[in-house]
Amino acid sequence: ATYDQGDVPVALTVTVSVSAGTLRYAWYAEGSDEVLSTEATFTPPTDEVGSTKYYVVITNSEAGKEDVAVTSNKATIEVQESLGEEPEQNDEGYYILDSKADLFWFAGMVNREEFDGEMNAELGCDIDLADEPWTAIGANTYYWGHFNGNGFSVTGINIIADESYEDSYVGFFGYVESST
159 ATYDQGDVPV ALTVTVSVSA GTLRYAWYAE GSDEVLSTEA TFTPPTDEVG
209 STKYYVVITN SEAGKEDVAV TSNKATIEVQ ESLGEEPEQN DEGYYILDSK
259 ADLFWFAGMV NREEFDGEMN AELGCDIDLA DEPWTAIGAN TYYWGHFNGN
309 GFSVTGINII ADESYEDSYV GFFGYVESST
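Under my numbering, the residues of the sequence shown are numbered 159 to 338, in order.
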């Protein structure tokens, strides 16, 4: 599952039934010995960006018998940087970009790995990026859609092309396909 940083994720839950004995739960993150929870459910944290695999070890203890432990499959939780508040859309479904934050949100949505559809936008005013580092719309995935400047300008674009941009398209737009 993928969450934005700071979102409240769905709890991971395991259901086990036994005819005898007492069940104990121990939730772990892959690569760590720290027990994160001893309950049947565990809510993974979303405060840090990254990917973590979680699993639970369930132990059945029955008097006079040896403990039996099983380990669940791993659940991968992806936490990505929050893009902030989604801009408003007009009646045609175009995002109205009225601020620097709106423009960064739009570029961030297009550049997410899971983006695989058309997104349309139009500028609602002149926007000054104030020389903040800019990642192109379509930096790592094709952008396809309609982007209407409406006669407004985007200024103060700061593109830093280093060795990571080798064989890449850089600018206000990066990879573009079937767009206007």
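All C-beta atoms in this analysis are idealised placements derived from N, C-alpha and C, irrespective of residue type, glycine included.
Please name the residue or residues paired with residue i in a DSSP beta bridge.
i      : result
Arg182 : Thr217
Asp162 : Gln238
Glu280 : Ile254, Asn306
Leu170 : Phe200
Ile295 : Phe331
Tyr301 : Val334
Ile317 : According to DSSP, Ile317 bridges with nothing at all.
Ser195 : Trp185
Ala227 : Thr217
Gly208 : Val237
Val312 : Ile285
Between residue i and the rest of its own chain, which residues show a CB-CB distance below 6 Å, the 5 nearest in sequence each way excluded?
i      : result
Gly314 : Asp286, Leu287, Ala288, Asp289
Ala114 : Residue coverage of the chain in this structure runs from 159 to 338, which leaves residue 114 outside it and unanswerable.
Glu220 : Ala178, Gly179
Thr210 : Ala187, Ile235
I believe residue i touches residue j by the beta-carbon criterion, under 8 Å. Please report the beta-carbon distance rounded to the nearest angstrom.
i      : j      : result
Gly179 : Asp205 : Going by Cβ atoms, the distance from Gly179 to Asp205 rounds to 36 Å, so no, they are not a contact pair.
Tyr161 : Val237 : 6 Å
Suppose the cutoff is 7 Å on Cβ atoms and the five residues either side in sequence are ignored; what does the same chain contact list for residue i look like?
i      : result
Ala265 : Thr293, Ile295
Asn248 : Ile254
Cys283 : Asp256, Phe310
Glu244 : Trp263
Under 8 Å between C-beta atoms, does residue i make it to chain D?
i      : result
Ile216 : Within the model displayed, chain D is absent; a lone protein chain is all it includes.
By Cβ distance below 8 Å, which residues in the same chain neighbour residue i in space, the five residues on each side in sequence not counted?
i      : result
Met227 : With the sequence shown as reference, residue 227 is identified as Ala, and Met is not the correct amino acid for it. Taken in chain order, the residues that qualify are Val215, Ile216, Thr217, Asn218.
Trp302 : Glu276, Val334, Glu335, Ser336, Ser337
Val192 : Looking at the sequence itself, residue 192 is Glu, so the reference to Val does not match. If we look at Glu192 and ignore the five residues flanking it on each side, its Cβ neighbours are Tyr186.
Measure the alpha-carbon distance for residue i versus residue j and round it to whole angstroms.
i      : j      : result
Ser195 : Ala184 : 6 Å
Arg182 : Asp256 : 53 Å
Asn308 : Glu280 : 7 Å
Gly188 : Ser175 : In the sequence as presented, Gly is not what sits at residue 188; that position holds Glu. Approximately 25 Å, taken between the alpha carbons.
Phe331 : Gly208 : 26 Å
Pro291 : Asn316 : 5 Å
Trp263 : Ile235 : 22 Å
Thr299 : Leu241 : 17 Å
Ala159 : Pro167 : 9 Å
Ser230 : Phe200 : 13 Å
Thr173 : Gly329 : 51 Å
Lys258 : Phe305 : 15 Å
Tyr252 : Asp274 : 17 Å
Glu197 : Lys223 : 23 Å
Ser311 : Pro202 : 42 Å
Glu246 : Ala297 : 23 Å
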